[in-house]
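Some notes on the structure that comes next.
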Amino acid sequence: MQNAQQPEQSIQPQPQAQPKKSNWWKWALGGCGTLIFLGIIFIAGCSLVGKKAVDEVSKELDNSGTSSTTKAGEEIKTYKAGEEVNIGNAKWKLVEAKDLGDTLKGSSSKYPSYTKDKKAKTNSKFVMVTLEIENLDTEMHSVTAPNITDDKGREFITSSDTSEWIPEDKGIFILSNLNPNVPQQFSVIYEIPKDAANLTVKVKELKFLSTEEALIELGI
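Everything in the sequence shown is counted per my numbering, starting at 55 for the first residue and increasing by one.
Right, here's the structure in full:
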């Protein structure tokens, strides 16, 4: 007699282990956040250092001058013609100012035999200014022609093609070198509107990047 067949046992498949999910994106986001935070701190620190440096330079310039130092909200000190103007390492004096009219005569130039008359532009005229400047420093400095201003706040630079009418005994303001304590006189011609009034010349000290300046009345 055959043995009764035993019922087959069903083998249930074992559940496979699920792969562990990676959290790399969380680490990436955290790292980016840290870098951004450190970047903000770095930029803020650089800004503070930069501001401190600028403040120190400004403080040095402000403390290096006299009462005529230009500062925001303050007027520039104004002097009369003939007065000595000491600004830092420079001493200025207005020697003479002339209204030359609207025509520079060739006959009054350095080379009258072949220089033609020079006419000013419409409603303009020529003004010649003679200044004396002394370098009060212990080393050589260069100087350029100052600008002149009027009571409307307009500022005028020198005329570039009038050197023939600068007197022989006067220097020309073309990046001229000044030795210490050797006063020199320079003449310069400006072409300005005929309605320009209450003219002043704006003079500065010889230190590079200095903001120290003063005004001298031309009296014309």
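No residue lacks a Cβ here, since even glycine has one placed at the ideal position from N, Cα and C.
Under a three-way DSSP split, which group does S217 fall into? Counting from 1 along the sequence shown, the entry for residue 217 is found at position 163. S217 falls in the helix class under three-state DSSP.
Could you spell out the range, first to last residue, of the beta strand (DSSP E) harbouring L269? To locate residue 269, count along the sequence shown from 1; it is residue 215. It spans 267-271 - the beta strand (DSSP E) in which L269 sits, taken as one unbroken run.
Whose C-alpha, out of M194, M182, D204, is nearest the C-alpha of W219? Residue numbering aside, residue 219 sits at position 165 when the sequence shown is read from its first letter. Checked all of M194, M182, D204; the closest Cα to W219 is M182.
Residues bridged to P247 [DSSP beta-bridge criterion]: Stepping through the sequence shown from its first residue, residue 247 is reached at position 193. P247 is bridged to S178.
Given a cut-off of 7 Å, decide if A250 and D204 are closer than it, judged by their beta-carbon atoms. Along the sequence shown, one-based indexing puts residue 204 at 150. Along the sequence shown, one-based indexing puts residue 250 at 196. Cβ distance < 7 Å, so D204 and A250 count as in contact.
So I13 is in the beta strand (DSSP E); what residue range does that whole segment cover? The structure shown does not extend to residue 13, since the chain is modelled only from 55 to 274, so the question has no answer here.
Cβ-Cβ separation, E137 to K145 (assumed contact under 8 Å), whole Å: Position 91 of the sequence shown, counted from the start, is the residue given in the question as residue 145. Position 83 of the sequence shown, counted from the start, is the residue given in the question as residue 137. 11 Å between Cβ atoms; not a contact.
Near T120, which residues of its chain fall below 8 Å by C-beta distance, leaving aside the five closest residues on each side in sequence? Within the sequence shown, residue 120 is the residue found at index 66, counting from 1. Per-residue confidence for T120 stands at a pLDDT of 37, beneath the threshold of 50, marking its modelled position as unreliable; the derived number appears in the next sentence. Only N140, I141, G142, E266 meet the Cβ criterion.
Under 6 Å Cβ to Cβ from K147, same chain only, skipping five residues before and after it: list those, please. Stepping through the sequence shown from its first residue, residue 147 is reached at position 93. Same-chain partners within the cutoff: E138, E186.
Per DSSP, the bridge partner or partners of A151: Taking the first residue of the sequence shown as 1, we reach residue 151 at position 97. Note: A151 is bridge-paired with V183 in the DSSP secondary-structure output.
For N231, which residues in the same chain have their Cβ closer than 6 Å to its Cβ, ignoring the five residues on either side in sequence? Stepping through the sequence shown from its first residue, residue 231 is reached at position 177. Correct list, in chain order: M194, S196.
With a CB to CB cut of under 6 Å and the five nearest residues on each side skipped, what residues in its chain are close to K258? For this step, residue 258 is matched to residue 204 along the sequence shown. If we look at K258 and ignore the five residues flanking it on each side, its Cβ neighbours are E267.
Can you give me the Cβ contacts of N252 inside the same chain, cut-off strictly under 7 Å, excluding the 5 residues immediately before and after it? The residue given as residue 252 occupies position 198 in the sequence shown. So the qualifying residues of the chain are D204, D205.
Taking 6 Å as the limit between beta carbons, can you name the residues of its chain near I211, skipping five residues before and five after? Walking along the sequence shown from the start, residue 211 turns up at place 157. Only N201 meet the Cβ criterion.
Rounded to a whole number of angstroms, what is the C-alpha to C-alpha distance between S178 and D223? Start at 1 with the first residue of the sequence shown, and residue 178 comes out as number 124. Start at 1 with the first residue of the sequence shown, and residue 223 comes out as number 169. Their backbone Cα atoms lie some 27 Å apart in a straight line.
Assign V255 to buried or exposed, taking buried as 16 or more other Cβ atoms, counted over all protein chains shown, within 10 Å of its Cβ. Reading the sequence shown from its first residue, position 201 is the one you call residue 255. By the neighbour-count rule (16 or more Cβ atoms within 10 Å), V255 is buried.
Is G225 helix, strand or coil when you go by DSSP? Position 171 of the sequence shown, counted from the start, is the residue given in the question as residue 225. Residue state, collapsed to three classes: strand.
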